[in-house]
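To start, the structure under review is shown below, and the notes come after it.
There are 2 protein chains.
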Amino acid sequence: MLDTVRKYIAQNQLFEELQNLLLAVSGGVDSVVLVDILHRFQSYSLSIAHCNFQLRGKESDEDETFVANLAREYQLPLFVKKFDTQEFASKNKLSIQVAARQLRYAWFDEILLSQQIPLLVTAHHQNDNIETVIYNLAKGTGIAGLHGILPKNGNIVRPLLCVSKEEILQYASANQLVWREDSSNESDKYSRNLIRHHIIPILKQLNPKLENTFQENTEKIHAVENIFKNVVNEFKNRVLNEINAICYLDIEVIRKESENQIKLYEILKDFGFNYSQIKQIINTLDSEAGKLFTSHTHTLVKDRKHLVLAPIQAKNEAIKFEKKSPIVTHHNFTLELYIFSKSPDFQFSTDANIAYLDFDKLSENLTVRNFEHGDEFCPLGMKGKKKKLTDFLNDLKIPLNLKNQVLLLLSDKQIAWVIGHRIDDRFKITEKTQTVLEVRYMIKQQS
Amino acid sequence: MLDTVRKYIAQNQLFEELQNLLLAVSGGVDSVVLVDILHRFQSYSLSIAHCNFQLRGKESDEDETFVANLAREYQLPLFVKKFDTQEFASKNKLSIQVAARQLRYAWFDEILLSQQIPLLVTAHHQNDNIETVIYNLAKGTGIAGLHGILPKNGNIVRPLLCVSKEEILQYASANQLVWREDSSNESDKYSRNLIRHHIIPILKQLNPKLENTFQENTEKIHAVENIFKNVVNEFKNRVLNEINAICYLDIEVIRKESENQIKLYEILKDFGFNYSQIKQIINTLDSEAGKLFTSHTHTLVKDRKHLVLAPIQAKNEAIKFEKKSPIVTHHNFTLELYIFSKSPDFQFSTDANIAYLDFDKLSENLTVRNFEHGDEFCPLGMKGKKKKLTDFLNDLKIPLNLKNQVLLLLSDKQIAWVIGHRIDDRFKITEKTQTVLEVRYMIKQQS
């Protein structure tokens, strides 16, 4: 088994000679074997980290003591932390499993950073991998869920993914290692156990070499996944254009693309859309503009030539400020205000994000707020006629999901500027204007 | 359920209105429901085909009678055939399952052809699909095994893939249909039953909507597979060059390709090579030329600039013929022989597949046979010195796996021509030559 692991480390370039490694050790047989094997290689500088989640009272503390002794025995630096997992979970409304995972990895990251250790090593093995694949298949997955657990993922490496649970147990007993039974393994215990005890044994009846077969399966599938991701990225570059946090996806490009459904899904799932929504979106490509789709975080409208994808923003609170303020800041945007006398050679900028208003006609206090149902104004150039703002925006072909994000500058209750689009006729610069208020709107790039 | 199936047929364009369809009917609940649903649609012209594999004695005959009655009831044309499956299996050294499958599909194809029916319809449903995916995963698979059963594959369509076994049973009982329990379903019964009765129920505990989830899984995975296949085809066009049934794969192209291992596997698995061989081949790309890999049907040699892939050919029997024969034919090649007096303006062709020999120096009977260990000859242009043929071919850098395929023309026991490469000095045309034997070698393209 030592050879198998050594080879696997080399082939997958998991880590280099003399590297500092932090081993996640629960005290169970997997992690005890991990420590023993890597220690035996004498090629790395090892440290041990143990989380005490305090979920099983005395047992949890005994686990901690056990790992402390283990570290002493192998003469390795030890990091231990006690977590109030229960409290963290209920405070953040998380399941115990998710809470433990968050606490664990946040703390591991802390150690890696403070100790300047580049890699965390976990003891996941072939059977963990099989369980994960079966679990993902049952719960629903695309290609991504089928590669199972990866040997290297970010700063986490798993050198035991090449050996089975059986081999680990054999190694432990051949080397007279001692370990803690059922030590903390909080991840989805019920489902895991169902798969481990009821499904894997049947699969092993079908194929006694199941573990090796799965390793090859997942290797192949991961390679296909990488190819798929490249294809999707290339498509994304062609189809998607982002302007001020709004994404525009070119419908003509989508329409011509082969296998466009899965590719679009791969792009839009990151914005919270599910597969059946993507099917509907694809079906809507040839129909009239205006159809709206919503995820938890984003809206998507099938517009004329584009799918328009916008983050759902909490309505901006109305911001009130004096018209003499030099600057107004908000987490989404900034307004700069300049007051000057109108000179005879006064020139308008054509920038849609700059407005020139008659300073004296404006009230002392101005407001910026979002578009609201029922808003009306007198668009410049329409002879002072009133128009519903919603119709005005429709005429401009503003997609449904961007309409709600349109910002207005108000003087008292009158709209003075539909920001980025049109000023109100009543506040325009005329021959009689003496003082000009120039307002510059700048959006903040969201990172 | 009728609506679900109708929609599924439309969405997947399984078949058109008024089309002739041949339904494969075992008499089990799935196929009985299939008949009832498609009959209810009244949009197709249906026929029924039933195989009696005679594997379960009286029961098999009762199945046949049942299906005959069913056809009468629905007033559909019926095709029935009795097979001696046992005999066919033992004669062709096949498992009963494989034998039954071969017999079934061969016969179905016959009916489709003779009756001019374009499509065969089978009653596979969502649970068959899940079982297939699990089975493939357990037995080892790449991406191809994970799409499960396809709704349309060649001339076979499966309109019930959108419904679960449970729904089929509900439909059958709601419509008071009658069916045969455990009617003939020969495919890998033992494994299927393990999965059906021991794995699926657990998976359904994990996800009560397992069937729908799997349908979505497999749809997504099939789309990724299609993308992957396109990428591989594009790679294949760049990397592989076929000349006279020998494939040359450009090592430099392979080396530069991302994810080359899985792509090469996808190409070479069709020639019988397995995944771990591909790994070895990839590892050998930078090493010395000459490494040989063998599948059941092909050999592959890592040559200097290419991987050279050749079919394993049964050694050609030595063919004897008179030197006055005008033509010699073999299933792999043809030799044409021309005898003429040497004229003063005699010109050699430079075609390597044409040899000019001194007719009078040749024995009456010539032989063509493959290269054999120990062969020697006097290559033209080497002052009559003898040379081992193996060394000669090495000097020409003939890849290992093509050496055995080199053909020789012999006069008695002497090599007169290493076909395609060099004639023997002893048989060359000299000033004294009076009569020329021109031999033209032509390979037959294998289809």
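Residue numbers (our numbering), protein chains in the order written: chain G, 1 to 447; chain R, 1001 to 1447. Even for Gly, the Cβ is constructed at its ideal location relative to N, Cα and C. Fair warning: this is a prediction, and the values are worked out from it, not measured in the lab.
Rounding to the nearest angstrom, what Cα-Cα distance links Ser60(G) and Leu169(G) in this structure?
The straight-line gap from Cα to Cα measures roughly 22 Å.
Residues of chain R with CB closer than 9 Å to the CB of Lys139(G), please, in chain order.
Within 9 Å Cβ-Cβ: Leu1206, Asn1207, Thr1213.
So what does DSSP say about Gly290(G), is it helix, strand or coil?
Gly290(G): coil per DSSP, three-state reduction.
Per DSSP, which residues does Ala1123(R) bridge with? Please list them.
Beta-bridge pairing links Ala1123(R) to no other residue.
Taking the continuous beta strand (DSSP E) assigned at Ser1045(R), which residues delimit it?
Counting along the chain, the beta strand (DSSP E) containing Ser1045(R) begins and ends at 1045–1052.
How would you list, in chain order, the residues of chain R whose beta-carbon sits under 8 Å from the beta-carbon of Gly142(G)?
Near Gly142(G) (Cβ distances below 8 Å), the residues of chain R are Asn1217, Lys1220, Ile1221, Val1224.
Between Ile459(G) and Asn283(G), what straight-line distance do the alpha-carbon atoms span, to the nearest angstrom?
Not covered by the structure: residue 459(G). The range shown for chain G is 1 to 447.
Taking all protein chains shown into account, do 16 or more other C-beta atoms lie within 10 angstroms of the C-beta of Arg1158(R), making it buried, or fewer, making it exposed?
With 16 or more Cβ atoms within 10 Å of its Cβ, Arg1158(R) is classed as buried.
Would you verify that the beta carbon of Leu210(G) is, or is not, closer than 8 Å to some beta carbon of chain R?
Judged by the 8 Å Cβ criterion, Leu210(G) is in contact with chain R.
Of all the CB atoms in chain R, is at least one closer than 8 Å to the CB of Phe271(G)?
Chain R contact via Cβ: absent.
Could you check whether the Cβ of Leu1046(R) sits closer than 7 Å to any heavy atom belonging to the ligand FAD?
In the structure on display, the ligand FAD does not appear, and there are no ligands present to speak of.
Please report the straight-line C-alpha distance between Gln1280(R) and Asp1286(R), rounded to a whole angstrom.
Each residue's Cα considered, the two are about 11 Å apart.
Please give me, in chain order, every unbroken run of the beta strand (DSSP E) with length at least 3 that falls completely inside the segment 1217–1243 of chain R.
Taking only runs of at least 3 residues, the beta strand (DSSP E) segments lying wholly in the segment 1217–1243 of chain R are 1240–1243.
Once you ignore the five residues that flank Tyr1441(R) on each side, which residues in its own chain have a CB closer than 7 Å to its CB?
The residues are Phe1333, Leu1335, Asn1353, Ile1419, Gly1420.
Is Asn20(G) helix, strand or coil when you go by DSSP?
Strand at Asn20(G).
Measure the C-alpha to C-alpha separation of Ser1258(R) and Ile9(G) and round it to an integer number of angstroms.
Between Ser1258(R) and Ile9(G), the C-alpha separation is close to 21 Å.
Determine, for His1125(R), whether the minimum Cβ-Cβ distance to residues of chain G falls below 8 Å.
Not an interface residue.
8 Å is my cut-off, CB to CB: does Ile1227(R) come that close to chain G?
Closer than 8 Å: yes.
So Ser191(G) contacts chain R; which residues on that side make the cut at Cβ distance below 9 Å?
Gln1205, Leu1206, listed in chain order.
List, in chain order, every chain G residue whose beta-carbon is nearer than 8 Å to that of Ile1262(R).
Within 8 Å Cβ-Cβ: Lys220, Ala223, Val224, Ile227.
Taking Leu268(G) as the query, report the chain R residues whose CB atoms sit under 7 Å from its CB, ordered along the chain.
Those within 7 Å of Leu268(G) in chain R number zero; the least Cβ separation is about 13 Å.
Is the Cβ-Cβ distance between Asp30(G) and Leu160(G) less than 8 Å?
In this structure, Leu160(G) lies closer than 8 Å to Asp30(G) by Cβ.
According to DSSP, is Ser1276(R) part of a helix, a strand, or is it coil?
In this structure, Ser1276(R) counts as helix in the three-state DSSP scheme.
How about the segment 1031–1042 of chain R and the segment 1120–1134 of chain R: do they share at least three Cβ pairs that are nearer than 8 Å?
Yes, the segment 1031–1042 of chain R is in contact with the segment 1120–1134 of chain R.
From the DSSP output, which residues share a beta bridge with Met1442(R)?
Beta-bridge pairing links Met1442(R) to Thr1334(R).
Checking 8 Å against the spacing of the C-beta atoms, do Asn401(G) and Val301(G) come in under that value?
Against a cut-off of 8 Å, the Cβ pair of Val301(G) and Asn401(G) comes out as a contact.
Using three-state DSSP, classify Phe321(G) as helix, strand or coil.
Note: Phe321(G) maps to strand in three-state DSSP.
Buried or exposed for Glu1186(R), going by 16 or more other Cβ atoms inside 10 Å?
At Glu1186(R), the pLDDT of 47 sits below 50, so the modelled position is not reliable; the number obtained from the coordinates is stated separately. Per the 10 Å Cβ criterion, buried.
Considering Cα atoms alone, identify which of Asn1020(R), Lys1082(R), Asn1127(R) is closest to Gln1115(R).
The option with the nearest alpha carbon to Gln1115(R) is Asn1020(R).
With respect to the beta strand (DSSP E) encompassing Val1005(R), which residues constitute its N-terminal and C-terminal limits?
Looking at the DSSP string, Val1005(R) is not in any beta strand (DSSP E); the run it does join, the alpha helix (DSSP H), is 1002–1011.
Thinking just about the alpha-carbon of each residue, which of Leu264(G), Asn52(G), Thr141(G) is nearest to the one in Asn1207(R)?
Looking at the Cα atoms, Thr141(G) is the closest of the given residues.
Do you know how far the Cα of Asp303(G) is from the Cα of Leu292(G)?
The straight-line gap from Cα to Cα measures roughly 9 Å.
Output yes if chain G places a C-beta closer than 8 Å to the C-beta of His1198(R); else output no.
Yes - at least one Cβ of chain G is within 8 Å of the one on His1198(R).
Which same chain residues, not among the five before or five after Phe1083(R), have their C-beta less than 6 Å away from its C-beta?
Same-chain partners within the cutoff: Phe1053, Leu1103.
Do the CB positions of Asn1370(R) and Leu1410(R) come within less than 8 Å of each other?
The answer is no: Cβ separation not under 8 Å.
So that I know if they touch, is there some Cβ in chain G lying closer than 8 Å to that of Tyr1044(R)?
For Tyr1044(R), the answer is no, since every Cβ of chain G falls outside 8 Å of its Cβ.
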